[in-house]
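Each remark here refers to the structure printed beneath this line.
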Amino acid sequence: MSAEVKTPSKLEKILASGELAVTSECGPPRGSDPGGIKHKAEMIRDYVDAINITDNQTSVTRLCSLASCIHLRLMGVEPILQMVTRDRNRIAIQSDILGAASFDIHNMLCLSGDHQSFGDCPTGQNVHDLDSMQLIQTVRHMRDEGKFLGGDEIKRPPQMFVGAAANPFADPYEIRVSRLAKKITSGVEFIQTQCIFNLDKFEQYMKEAGDRGLTEKAYIMAGLTPLKSAGMAKYMKNRVPGMDVPDEVVSRIAGVEKDKQAEEGIKICIESVQRLKECPGVKGFHIMAIEWEEKVPEIVKGGGLYPRPKV
Amino acid sequence: MIVADQKPLEEIIERVKDRRKILVAGCNECVTVCEVGGRKEVGVLASALRLYFANQGQEVAVGEITLERQCDREYVQQAREDVEAHDVVVSLACGVGCQFMAEEYATTPCLPGVNTKFMGGKVDRGIWAERCQGCGACILADTGGICPVARCAKRILNGPCGGSTKGKCEISKEVDCAWQLIVDRLKSLGRMEDYEKVAPIKDWSTERAGGPRKAVREDVQL
Amino acid sequence: MRLNYPANIKIMRVPCTGKVDVIHILRAFEKGADGVYLVGCMEGNCAFEHGNFRAKKRVAKVAAILDKVGIGGGRVRMYNLSSGDAPLFAQYAREMTENILALGPSPVRTSGIGSGTTAANAA
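Chains as they are written, first to last, in my numbering: chain A, 1 to 311; chain B, 1001 to 1222; chain C, 2001 to 2123.
Listed below in structure tokens is the structure:
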């Protein structure tokens, strides 16, 4: 992997330098008050290199990712714009990318988005003018060719560091590494995985990806979520698609008294950081602690990832 | 073929309850095959309407006619005498037929008796499923004969998305994940290397987005 | 067996209840029947395998239509018995008669509106 950087992204710089990067995510409010998101960002800004802002997650209408990212940018925090293809056609997509670039936002995560039937507007349309792979291609095209999809020149092309999600545990399992390869072919530069509880399976996935040379072509960041309780562990195991929570993990957290389970969940998370630091191809960690952002500093410190490098 | 569902009887009654001469018009093609608008169903609806009006104590005439198809002016014109003898037509043909009827008999209201849904085929007795969305630029050769535009809830062209679970779509356990089907098919065709080809951004101008469409065969026009 | 059953019942014999379609039952009501019931083989013992299941579904469909048009779905029923069970046949006949008497005459008859009115004779 060449250590050259293509954008002003701080996240890219840290990854290119060979240091493990750390990102986290925040969900915007269901209203127009940016206070909550700014507060969360402030709480974790010294412990992470960049913060993802989700985009109408689960199809529930919220303050948009773009506006939230702008708030973060104005605070001097590095945002990662998450963009789903569900709600926008290619005109709006290119337009929003330029909007982000106009505020010098340099990181983007390209996603399809959950089906609208899960959210608060199940009777709405979905767009998917582009899918997530084609969105990756689009951003790279706008950045590297400096052109719109239609062919015209872009004045001041966006300088986006392009990311996507990967789920080593989703169905069908046999194409997991193929999908990663496809995203890389489309132009993705960094990957944030779905949260990992089955470390053996993840390490196997990373080995297969490494065998194909994929870990040299994109920076793969391991996704981790601290468990708050045995209930949460069971819920994620049984009710959330694409999630692999081994029995040992559930019994470990269930084997502890209720009021100590959150602490155990943090411990499990920190141990995962320690173990995956040694996993070849893992270039960083993406810590997802939605509504539990206050634990991010503890996890980052416990994982030996504090202080964050200055670039 | 075009697949439709019957409109709820109460909805049809609401539309015709103040009429005195109603013609129920069926079609011998698609809606006959999916058992919502053929001769049989015309008979049942007409009978139900007569019972309704008898119950209301109202003298209402309900006529029945089933055309070869309603999407062809030649056949639609054959109904002229019957249409002129009634003051409203309830068409059990698909949305196409209903519109052709309405256009031919512009002074007689032509109301739909079915909800037209999709292009599909019979998967089992009493079950018809969607297979084609008429995107106008068929990609079945690339996807092993399974259409992601019609069968993927997000019409993703480089799927599956993260919601695919045990071969089913995230929206419902009853819906197959089109991309799981495509992967399985590519495997059985020995074409798994095609899976890694990135499908290009689609030109949607040939589908609904581009506006109402026509198909023309100049060589058969006079 | 020469058992008695009510005289107001008109029997239409069919080779299998599966031969009875929705329209046949609806027409009977159009022509003024106060009630219609089907008597078929025991479920699982249909001589033609599924005939009585088809009939069951059609009866349910007719009942739904009759409810929606205000005639009342209680006027149509499906019964199952084995063909040798004459006493049960007579019992069902009595039961159906009582059921219909309780519901009263069909509104089609009481309204005096002719059945099967077509445009031709309404004009």
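All C-beta atoms, glycine included, are put in the ideal place defined by N, C-alpha and C.
As the structure is a computational prediction, the values presented were derived from the model and not from experiment.
**Message:** Here's the rule I'm using: 16 or more other beta-carbon atoms within 10 Å means buried, otherwise exposed. How should His388 of chain A be labelled?
**Reply:** For chain A, the structure presents residues 1 to 311; residue 388 of chain A sits outside this window and is missing.
**Asked** Cα separation between Ala2007 of chain C and Phe2029 of chain C?
**Response** Along the third sequence, one-based indexing puts residue 2007 of chain C at 7. Along the third sequence, one-based indexing puts residue 2029 of chain C at 29. Ala2007 of chain C and Phe2029 of chain C: Cα-Cα distance of roughly 19 Å.
**Asked** Quick check: the stretch 1069-1080 of chain B against the stretch 1040-1055 of chain B, are there 3 or more CB pairs under 8 Å?
**Response** no
**Prompt:** For Asn2052 of chain C, which of helix, strand or coil comes out of DSSP?
**Reply:** On the third sequence, position 52 is the one that residue 2052 of chain C refers to. The answer is helix: DSSP assigns Asn2052 of chain C an H, G or I state.
**Request:** Pick helix, strand or coil for Arg2077 of chain C, following the three-state DSSP scheme.
**Result:** Taking the third sequence and counting its residues from 1, one reaches residue 2077 of chain C at position 77. Of the three classes helix, strand and coil, the one that applies to Arg2077 of chain C here is strand, per DSSP.
**Message:** Quick check: what's the CA-CA separation for Lys1007 of chain B versus Pro1112 of chain B?
**Reply:** The sequence position of residue 1007 of chain B within the second sequence is 7, counting from 1. The sequence position of residue 1112 of chain B within the second sequence is 112, counting from 1. The alpha-carbon atoms of Lys1007 of chain B and Pro1112 of chain B are separated by roughly 8 Å.
**Request:** Taking only beta carbons into account, state which residues of the stretch 1143-1155 of chain B come closer than 8 Å to chain A, listed in chain order.
**Result:** Ala1153, Lys1154 and Arg1155
**Message:** If the criterion is Cβ atoms closer than 8 Å, does the pair Phe285 of chain A and Leu15 of chain A meet it?
**Reply:** The residue given as residue 285 of chain A occupies position 285 in the first sequence. The residue given as residue 15 of chain A occupies position 15 in the first sequence. Against a cut-off of 8 Å, the Cβ pair of Leu15 of chain A and Phe285 of chain A comes out as no contact.
**Distance, Pro280 of chain A Cα to Lys207 of chain A Cα** = On the first sequence, residue 207 of chain A is found 207 positions in, with the first residue counted as 1. On the first sequence, residue 280 of chain A is found 280 positions in, with the first residue counted as 1. Going from the Cα of Lys207 of chain A to the Cα of Pro280 of chain A covers about 8 Å.
**Prompt:** Which chain A residues sit within Cβ distance under 8 Å of Gln1180 of chain B?
**Reply:** Within the second sequence, the letter at position 180 stands for residue 1180 of chain B. What Gln1180 of chain B touches in chain A: Asp171 and Pro172.
**Run of the alpha helix (DSSP H) containing His39 of chain A, from where it starts to where it stops** = Locating residue 39 of chain A in the first sequence gives position 39, where the first residue counts as 1. Unbroken alpha helix (DSSP H) run through His39 of chain A: Gly35 to Ile44.
**Asked** Should Lys283 of chain A be labelled buried (16 or more other beta-carbon atoms within 10 Å of its own) or exposed?
**Response** Indexing the first sequence from 1 puts residue 283 of chain A at position 283. Under this definition Lys283 of chain A is a buried residue.
**Prompt:** Does Gly1057 of chain B come within less than 8 Å of chain C when only Cβ atoms are used?
**Reply:** As a first step, residue 1057 of chain B must be located in the second sequence, where it is residue number 57. It does; some Cβ of chain C falls within 8 Å.
**Request:** Name the residue from B:Ile1171, B:Arg1155, B:Arg1015 and B:Asp1072 whose alpha carbon lies nearest to the alpha carbon of Cys1094 of chain B.
**Result:** Walking along the second sequence from the start, residue 1094 of chain B turns up at place 94. Ranking B:Ile1171, B:Arg1155, B:Arg1015 and B:Asp1072 by Cα distance to Cys1094 of chain B puts B:Asp1072 first.
**Message:** Between which residues of its own chain and Gly302 of chain A is the CB-CB distance below 6 Å, once the five residues before and five after are set aside?
**Reply:** Indexing the first sequence from 1 puts residue 302 of chain A at position 302. Once the five neighbours on either side are set aside, the close Cβ partners of Gly302 of chain A are Ile270.
**Request:** Would you list the one or two residues that DSSP bridges to Pro1112 of chain B?
**Result:** Within the second sequence, numbered from 1, the residue matching residue 1112 of chain B stands at position 112. DSSP lists B:Ser1091 as partners of Pro1112 of chain B.
**Request:** List the endpoints of the continuous beta strand (DSSP E) containing Glu1064 of chain B.
**Result:** Position 64 of the second sequence holds residue 1064 of chain B. Note, Glu1064 of chain B: beta strand (DSSP E), Ala1061 to Leu1067.
**Item:** chain C contact for Ser1172 of chain B (CB, 8 Å cutoff)
**Value:** Counting from 1 along the second sequence, the entry for residue 1172 of chain B is found at position 172. It does not; no Cβ of chain C falls within 8 Å.
**Request:** Taking only the alpha-carbon atoms, compute the straight-line gap between Gln2091 of chain C and Leu2003 of chain C and give it to the nearest angstrom.
**Result:** One-based indexing of the third sequence puts residue 2091 of chain C at position 91. One-based indexing of the third sequence puts residue 2003 of chain C at position 3. Each residue's Cα considered, the two are about 10 Å apart.
**Asked** In chain order, what residues of the same chain have a beta carbon less than 8 Å from the beta carbon of Arg88 of chain A, not counting five sequence neighbours either side?
**Response** Locating residue 88 of chain A in the first sequence gives position 88, counting from the first residue. The residues are Asp96, Val127 and Asp129.
**Between the CA atoms of Ala2064 of chain C and Gly2072 of chain C - distance to the nearest angstrom** = Counting from one through the third sequence, the residue named residue 2072 of chain C turns up at place 72. Counting from one through the third sequence, the residue named residue 2064 of chain C turns up at place 64. Cα to Cα, the separation comes out at about 8 Å.
**Asked** Could you give the uninterrupted runs of the alpha helix (DSSP H) lying entirely in the stretch 209-250 of chain A, keeping only those of 4 residues or more?
**Response** 230-239
**Message:** Using C-beta distances below 7 Å, list every residue in its chain close to Arg2054 of chain C, excluding the 5 sequence neighbours before and after it, in chain order.
**Reply:** The sequence position of residue 2054 of chain C within the third sequence is 54, counting from 1. Once the five neighbours on either side are set aside, the close Cβ partners of Arg2054 of chain C are Gly2018.
**Message:** If the cut-off is 7 Å on Cβ atoms, which residues from the stretch 2101-2112 of chain C count as contacting chain B, listed in chain order?
**Reply:** Pro2107, Val2108 and Ser2111
**Prompt:** Does the stretch 287-303 of chain A come close enough to the stretch 1009-1025 of chain B that 3 or more CB-CB pairs lie under 8 Å?
**Reply:** no
**Prompt:** Would a check of beta-carbon distances place Ile175 of chain A closer than 8 Å to chain B?
**Reply:** Residue numbering aside, residue 175 of chain A sits at position 175 when the first sequence is read from its first letter. It does; some Cβ of chain B falls within 8 Å.
**Message:** Rounding to the nearest angstrom, what Cα-Cα distance links Ala2086 of chain C and Glu1064 of chain B in this structure?
**Reply:** On the third sequence, residue 2086 of chain C is found 86 positions in, with the first residue counted as 1. On the second sequence, residue 1064 of chain B is found 64 positions in, with the first residue counted as 1. Taking the straight line from one Cα to the other gives about 41 Å.
**Request:** Express the C-alpha separation of Leu305 of chain A and Ile51 of chain A in angstroms, rounding to a whole number.
**Result:** Working through the first sequence from its first residue, we reach residue 51 of chain A at position 51. Working through the first sequence from its first residue, we reach residue 305 of chain A at position 305. If I take the Cα positions, the gap works out to 16 Å.
**Request:** Flag this pair as touching only if the stretch 1016-1028 of chain B and the stretch 1082-1091 of chain B have three or more C-beta atom pairs under 8 Å; answer yes or no.
**Result:** yes
**Val2108 of chain C versus Ile2025 of chain C - alpha carbon distance** = As a working mapping, residue 2108 of chain C is identified with position 108 in the third sequence. As a working mapping, residue 2025 of chain C is identified with position 25 in the third sequence. Approximately 14 Å between the Cα atoms of the pair.
**Prompt:** In this structure, does DSSP put Met1 of chain A in helix, strand or coil?
**Reply:** Counted from its first residue, the first sequence places residue 1 of chain A at position 1. Here Met1 of chain A scores only 46 on pLDDT, less than 50, and its place in the model is too uncertain to base an answer on.
**Reduced DSSP secondary structure (H/G/I, E/B, other) of Trp292 of chain A** = As a working note, residue 292 of chain A is residue 292 in the first sequence. Of the three classes helix, strand and coil, the one that applies to Trp292 of chain A here is coil, per DSSP.
**Prompt:** Taking the alpha helix (DSSP H) that Cys269 of chain A falls in, what are its first and last residues?
**Reply:** Indexing the first sequence from 1 puts residue 269 of chain A at position 269. Cys269 of chain A -> alpha helix (DSSP H) spans Gln261 to Lys277.
**Request:** Give the DSSP-derived three-state secondary structure of Asn1055 of chain B in the structure shown.
**Result:** Translated into the one-based positions of the second sequence, residue 1055 of chain B becomes position 55. Three-state DSSP puts Asn1055 of chain B in a helix.
**Asked** In chain order, what residues of the same chain have a beta carbon less than 7 Å from the beta carbon of Pro29 of chain A, not counting five sequence neighbours either side?
**Response** Position 29 of the first sequence, counted from the start, is the residue given in the question as residue 29 of chain A. Answer for Pro29 of chain A: Gly36, Ile37, Arg62 and Leu63, listed in chain order.
**Message:** Quick check on DSSP: helix, strand or coil for Leu109 of chain A?
**Reply:** As a position in the first sequence, residue 109 of chain A is number 109, starting the count at 1. Leu109 of chain A falls in the strand class under three-state DSSP.
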